[in-house]
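Participant: Chains as they are written, first to last, in this note's numbering: chain A, 50 to 285; chain B, 50 to 285.
2 protein chains.
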Amino acid sequence: MSARHIPIVICQNCALYNTARVLGLESPDCSTLDQVVIRNHPIDRGQRLFSAGDPVRYLYLVHSGSCISYQAGEPPKVMSFYLPGEIVGIEDIGESHHSHTAVALENGSLCQLDFTHLDASLSPEELIRVQRYLLQAAALHARQLQQERLVTGLPSAEQRVAAFLLNLGQRFQAHGLPALAYRLPMSREEIADYLGLAPETVIRILKKLGSRGLVSIRTRQVEILPPPALERLSAA
Amino acid sequence: MSARHIPIVICQNCALYNTARVLGLESPDCSTLDQVVIRNHPIDRGQRLFSAGDPVRYLYLVHSGSCISYQAGEPPKVMSFYLPGEIVGIEDIGESHHSHTAVALENGSLCQLDFTHLDASLSPEELIRVQRYLLQAAALHARQLQQERLVTGLPSAEQRVAAFLLNLGQRFQAHGLPALAYRLPMSREEIADYLGLAPETVIRILKKLGSRGLVSIRTRQVEILPPPALERLSAA
DNA sequence: CGGTATTTTGAATCGTTTCAATGGAGGTGG
DNA sequence: CCACCTCCATTGAAACGATTCAAAATACCG
């Protein structure tokens with residue numbers, strides 16, 4: 050547990066390298082890994098990774114594209130968004146069945162890891178390394194969820210939207226993508242549901258932030274204009 | 050990783066039993082554990098577990114009492130509450146320094162685990178068990194944070210307060226305490242900060258829920274009156 | 001039993017939602 | 001490649017809900 054954080058490396062052209070790094074296993078002999086990992090699993094917009102009630106078996110690393118998860122219930126509420134480099138399903142380790150449904154927001158590809166037979170497939174040394182990686186990934190995920198809770202816990206709609214844009218940027222940046230220019234993978238309505246606002250409020254605030262010169266919003270294309278005075282807003 | 054969830058057992062009179070169960074190590078020989086665990090660490094209201102910037106070294110299991118954590122910054126924002134049976138600091142595994150400050154809300158006691166030398170102190174078999182426990186605990190923590198994010202992501206103040214009361218109850222219940230009758234460890238202002246509301250709004254809504262017969266609030270003593278029609282409110 | 005911090009109350013202001021209707025983007029098939 | 005169609009994004013005005021500020025009452029600590 051004394052090892053430092055192992056970053057998730059996104060390597061668009063080399064799924065094997067990516068997978069090995071993800072698992073902290075860089076040895077050339079990856080035959081054991083092939084028992085538990087499917088690399089470069091393509092997925093279409095709208096397709097489900099898993100549904101509420103399904104048995105828990107796989108983790109998914111988002112390689113390209115992005116995903117959304119919904120809480121079971123009627124109407125289904127937006128629970129989380131998953132950007133490239135992030136892991137879907139790690140929060141369900143230890144549960145027998147998923148309590149939420151995960152869906153692809155765009156066409157993209159995933160890396161799929163079967164973690165139900167790690168003990169049988171890996172040597173003790175490998176298992177320790179993989180467990181350590183998963184523990185660090187779960188802890189990182191928890192920190193990220195705390196950040197997200199702080200975003201939705203802000204008092205005003207303006208602060209929530211500003212902090213949401215910054216949070217997405219930070220998460221893109223954490224995996225080597227630009228923090229200040231990106232494309233929103235989700236609709237205004239999904240943002241609104243996530244933040245506990247009306248869709249119209251999200252729209253009006255995006256417009257207001259734009260007219261103040263803090264961001265440039267062209268439908269789904271976001272640019273956070275430096276210097277990011279947006280940060281002062283989300284702090285307050 | 051195929052093992053089912055290991056519940057955290059709260060045993061008020063037997064710290065050793067508690068600790069062994071927590072670590073998934075029930076063998077009578079606990080000499081190795083004594084290198085990494087301090088059992089029954091008493092703590093006073095207002096005392097800090099750690100501050101933002103401190104090196105990350107310990108996890109704390111809340112044995113009795115409760116804790117709060119604040120995001121670094123001015124003014125400091127309420128990040129999380131930690132109830133009996135919950136783990137403080139697990140989200141910082143993999144980080145070198147804490148990014149938030151944890152403080153005891155009441156007099157109580159903690160179980161302290163040094164996880165920086167687990168590799169050196171434990172055998173491979175023990176390490177695998179402890180890592181598996183920590184991974185499941187981190188995943189559980191992430192699920193809990195997702196629930197909390199859903200609470201603060203609700204659209205109206207009334208839904209947020211109702212869901213907050215239910216969420217606390219569920220968390221007490223998960224560790225053997227009553228879900229429908231408990232004492233709030235935190236102030237109205239801390240609830241308000243956490244939920245992104247004004248303290249007066251929290252007070253007024255608690256009163257409104259009381260006058261509708263959904264709960265009984267006497268300062269900090271909460272009773273959720275069955276049948277919990279409160280749940281319908283937080284769903285909507 | 002004091003003193004202090006927290007909780008509660010009230011009334012005016014401000015922000016957010018709601019509802020209904022228009023405008024624009026993207027996707028599909030001719 | 002264009003026309004169509006549908007879904008998503010946007011706008012405006014009225015109604016509602018939450019916040020603010022100031023002040024009083026109550027709980028709690030030592």
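C-beta: ideal position from N, C-alpha, C; glycine also.
These numbers were taken from a predicted model, which means no experiment stands behind them.
#1: Report buried or exposed for alanine 169 (chain A), applying the criterion of at least 16 other Cβ atoms within 10 angstroms of its Cβ.
#2: Quick one: what's serine 31 (chain A) bridged to in DSSP?
#3: Less than 7 Å separating the beta-carbons of serine 115 (chain A) and glutamate 155 (chain A)?
#4: Would you kindly work out how many angstroms separate the C-alpha atoms of proline 133 (chain A) and leucine 203 (chain A), rounded to a whole number?
#5: Out of B:Glu174, B:Leu184 and B:Ser129, which has the shortest C-alpha to C-alpha gap to glutamine 195 (chain B)?
#6: Starting from the Cα of histidine 146 (chain B), find the closest Cα among B:Asn216, B:Val105 and B:Arg209 and give me that residue.
#7: Among B:Leu183, B:Val251 and B:Val86, which has the Cα closest to the Cα of arginine 209 (chain B)?
#8: Check the Cβ of leucine 154 (chain A) against every Cβ in chain B and list those closer than 7 Å, keeping chain order.
#9: Under three-state DSSP, which class holds alanine 188 (chain B)?
#10: Nearest-angstrom Cα distance between glutamine 185 (chain B) and glycine 95 (chain A)?
#11: Using three-state DSSP, classify aspartate 103 (chain B) as helix, strand or coil.
#12: Give the DSSP-derived three-state secondary structure of serine 236 (chain A) in the structure shown.
#13: Have a look at valine 137 (chain A) and valine 111 (chain A) and give me their C-alpha separation to the nearest angstrom.
#14: Any idea which residues DSSP pairs phenylalanine 221 (chain B) with across the strands?
#15: If we define contact as Cβ-Cβ less than 7 Å, is glutamate 135 (chain A) a contact residue for chain B?
#16: Tell me the DSSP bridge mates of tyrosine 131 (chain A)?
#17: Determine, using beta carbons only, whether serine 158 (chain B) and serine 113 (chain B) come nearer to each other than 7 Å.
#18: Do serine 265 (chain A) and glutamate 272 (chain A) have their beta-carbon atoms positioned less than 7 Å apart in this structure?
#19: Hey, would you say glutamine 193 (chain A) sits closer than 7 Å to histidine 90 (chain A), going by beta carbons?
#20: Taking tyrosine 231 (chain A) as the reference, which of A:Thr268, A:Glu239 and A:Ala188 has the closest Cα?
#21: Thinking C-alpha only, which one of B:Val200, B:Leu263, B:Leu176 and B:Gly259 is nearest leucine 246 (chain B)?
#22: When the Cα atoms are used, what is the spatial distance from leucine 215 (chain A) to glutamate 140 (chain A)?
#23: With DSSP as the reference, please indicate the residues paired to glutamine 270 (chain A) in a beta bridge.
#24: For the putative contact between leucine 263 (chain B) and leucine 274 (chain B), defined by C-beta atoms under 8 Å, what is the C-beta separation to the nearest angstrom?
#25: Please list the terminal residues of the continuous beta strand (DSSP E) segment that includes threonine 150 (chain A).
#26: Using the three-state DSSP reduction, which class does glycine 252 (chain A) fall into: helix, strand or coil?
#27: For chain B, check one thing: does any of its Cβ atoms lie closer than 7 Å to the Cβ of histidine 190 (chain A)?
#28: With which residues is valine 200 (chain A) paired in a DSSP beta bridge?
#29: Which one of B:Glu197, B:Leu108, B:Pro173 and B:Leu217 has the shortest CA to CA distance from glutamine 120 (chain A)?
#30: Which residue comes first and which comes last in the alpha helix (DSSP H) that contains glutamate 280 (chain B)?
#31: CB-CB under 8 Å to leucine 244 (chain A), same chain, minus the five flanking residues each way: which ones, in chain order?
#32: Would you mind reading off the limits of the alpha helix (DSSP H) that contains serine 170 (chain A)?
#33: Could you tell me which residues DSSP puts in a beta bridge with valine 86 (chain A)?
#34: Could you have a look at proline 91 (chain A) and say whether DSSP puts it in helix, strand or coil?
#35: Under a CB-based cut-off of 7 Å, is glutamine 222 (chain B) close to chain A?
#36: Quick one: list the residues of chain A neighbouring serine 129 (chain B), beta-carbon separation under 9 Å, in chain order.
Facilitator: Concretely, from the data shown:
#1: The count along the first sequence starts at 1 and reaches residue 169 (chain A) at position 120. Flag for alanine 169 (chain A) reads exposed.
#2: As shown, chain A starts at 50 and ends at 285. That puts residue 31 (chain A) outside it, with no answer to give.
#3: Here the question's residue 115 (chain A) lines up with position 66 in the first sequence. Here the question's residue 155 (chain A) lines up with position 106 in the first sequence. Contact flag set, yes.
#4: As a working mapping, residue 133 (chain A) is identified with position 84 in the first sequence. As a working mapping, residue 203 (chain A) is identified with position 154 in the first sequence. Going from the Cα of proline 133 (chain A) to the Cα of leucine 203 (chain A) covers about 26 Å.
#5: Locating residue 195 (chain B) in the second sequence gives position 146, counting from the first residue. Closest option to glutamine 195 (chain B), Cα to Cα, is B:Ser129.
#6: Counting from 1 along the second sequence, the entry for residue 146 (chain B) is found at position 97. The shortest C-alpha separation from histidine 146 (chain B) is found at B:Val105.
#7: Taking the second sequence and counting its residues from 1, one reaches residue 209 (chain B) at position 160. That would be B:Val251, whose Cα lies nearest to the Cα of arginine 209 (chain B).
#8: Indexing the first sequence from 1 puts residue 154 (chain A) at position 105. In chain order: nothing, as chain B lies at least about 18 Å away.
#9: One-based indexing of the second sequence puts residue 188 (chain B) at position 139. Of the three classes helix, strand and coil, the one that applies to alanine 188 (chain B) here is helix, per DSSP.
#10: Taking the second sequence and counting its residues from 1, the one referred to as residue 185 (chain B) is at position 136. Taking the first sequence and counting its residues from 1, the one referred to as residue 95 (chain A) is at position 46. Using only the alpha carbons, I get a separation of about 30 Å.
#11: As a first step, residue 103 (chain B) must be located in the second sequence, where it is residue number 54. Correct three-state label for aspartate 103 (chain B): coil.
#12: What you label residue 236 (chain A) is simply residue 187 of the first sequence in a count that begins at 1. Residue state, collapsed to three classes: coil.
#13: Along the first sequence, one-based indexing puts residue 137 (chain A) at 88. Along the first sequence, one-based indexing puts residue 111 (chain A) at 62. Rounded to the nearest angstrom, the gap between the Cα atoms of valine 137 (chain A) and valine 111 (chain A) is 7 Å.
#14: Here residue 221 (chain B) is taken as the residue at index 172 of the second sequence, counted from 1. Note: phenylalanine 221 (chain B) sits in no beta bridge, so no partner.
#15: Within the first sequence, residue 135 (chain A) is the residue found at index 86, counting from 1. It does not: the Cβ of glutamate 135 (chain A) has no partner Cβ on chain B nearer than 7 Å.
#16: Translated into positions along the first sequence, residue 131 (chain A) becomes position 82. Beta-bridge annotation (DSSP): tyrosine 131 (chain A) is paired with A:Cys116.
#17: On the second sequence, residue 158 (chain B) is found 109 positions in, with the first residue counted as 1. On the second sequence, residue 113 (chain B) is found 64 positions in, with the first residue counted as 1. Yes. Within cutoff.
#18: Looking up residue 272 (chain A) in the first sequence gives position 223. Looking up residue 265 (chain A) in the first sequence gives position 216. Result yes, Cβ atoms of glutamate 272 (chain A) and serine 265 (chain A) sit closer than 7 Å.
#19: Looking up residue 193 (chain A) in the first sequence gives position 144. Looking up residue 90 (chain A) in the first sequence gives position 41. Cβ distance not < 7 Å, so glutamine 193 (chain A) and histidine 90 (chain A) don't count as in contact.
#20: As a working mapping, residue 231 (chain A) is identified with position 182 in the first sequence. When C-alpha distances from tyrosine 231 (chain A) are compared across A:Thr268, A:Glu239 and A:Ala188, the shortest belongs to A:Thr268.
#21: As a first step, residue 246 (chain B) must be located in the second sequence, where it is residue number 197. Ranking B:Val200, B:Leu263, B:Leu176 and B:Gly259 by CA distance to the CA of leucine 246 (chain B) puts B:Val200 first.
#22: As a first step, residue 215 (chain A) must be located in the first sequence, where it is residue number 166. As a first step, residue 140 (chain A) must be located in the first sequence, where it is residue number 91. Distance between the alpha carbons of leucine 215 (chain A) and glutamate 140 (chain A): 24 Å.
#23: As a first step, residue 270 (chain A) is located in the first sequence; it is residue number 221 there, counting from the start. Beta bridge pairing from DSSP links glutamine 270 (chain A) with A:Arg232 and A:Arg267.
#24: The count along the second sequence starts at 1 and reaches residue 263 (chain B) at position 214. The count along the second sequence starts at 1 and reaches residue 274 (chain B) at position 225. The beta-carbon distance between leucine 263 (chain B) and leucine 274 (chain B), rounded to whole angstroms, is 6 Å. This is short enough to meet the 8 Å contact definition.
#25: Stepping through the first sequence from its first residue, residue 150 (chain A) is reached at position 101. Where threonine 150 (chain A) is concerned, the enclosing beta strand (DSSP E) stretches over 149–153.
#26: Here residue 252 (chain A) refers to the residue found at position 203 of the first sequence. Looking at the sequence shown, residue 252 (chain A) is not glycine but isoleucine. Correct three-state label for isoleucine 252 (chain A): helix.
#27: Taking the first sequence and counting its residues from 1, one reaches residue 190 (chain A) at position 141. It does: the Cβ of histidine 190 (chain A) has a partner Cβ on chain B nearer than 7 Å.
#28: The residue labelled residue 200 (chain A) in the question sits at position 151 within the first sequence. Answer is none; valine 200 (chain A) lacks a bridge partner.
#29: Residue numbering aside, residue 120 (chain A) sits at position 71 when the first sequence is read from its first letter. Just measuring C-alpha positions, the residue of B:Glu197, B:Leu108, B:Pro173 and B:Leu217 sitting nearest glutamine 120 (chain A) is B:Glu197.
#30: As a first step, residue 280 (chain B) must be located in the second sequence, where it is residue number 231. Glutamate 280 (chain B) -> alpha helix (DSSP H) spans 279–284.
#31: Counting from one through the first sequence, the residue named residue 244 (chain A) turns up at place 195. Contacts found: Val200, Thr201, Ala206, Arg209, Val210, Phe213 and Val251.
#32: The residue labelled residue 170 (chain A) in the question sits at position 121 within the first sequence. Going by DSSP, serine 170 (chain A) is part of the alpha helix (DSSP H) stretching over 167–170.
#33: The sequence position of residue 86 (chain A) within the first sequence is 37, counting from 1. Answer is A:Leu162, bridged to valine 86 (chain A).
#34: Residue mapping note: residue 91 (chain A) aligns to position 42 of the first sequence, counting from 1. Reduced to three states, the DSSP call for proline 91 (chain A) is strand.
#35: Your numbering for residue 222 (chain B) matches position 173 in the second sequence. Judged by the 7 Å Cβ criterion, glutamine 222 (chain B) is not in contact with chain A.
#36: Residue 129 (chain B) sits at position 80 when you count from the first residue of the second sequence. Neighbours of serine 129 (chain B) on chain A, chain order: Gln195 and Arg198.
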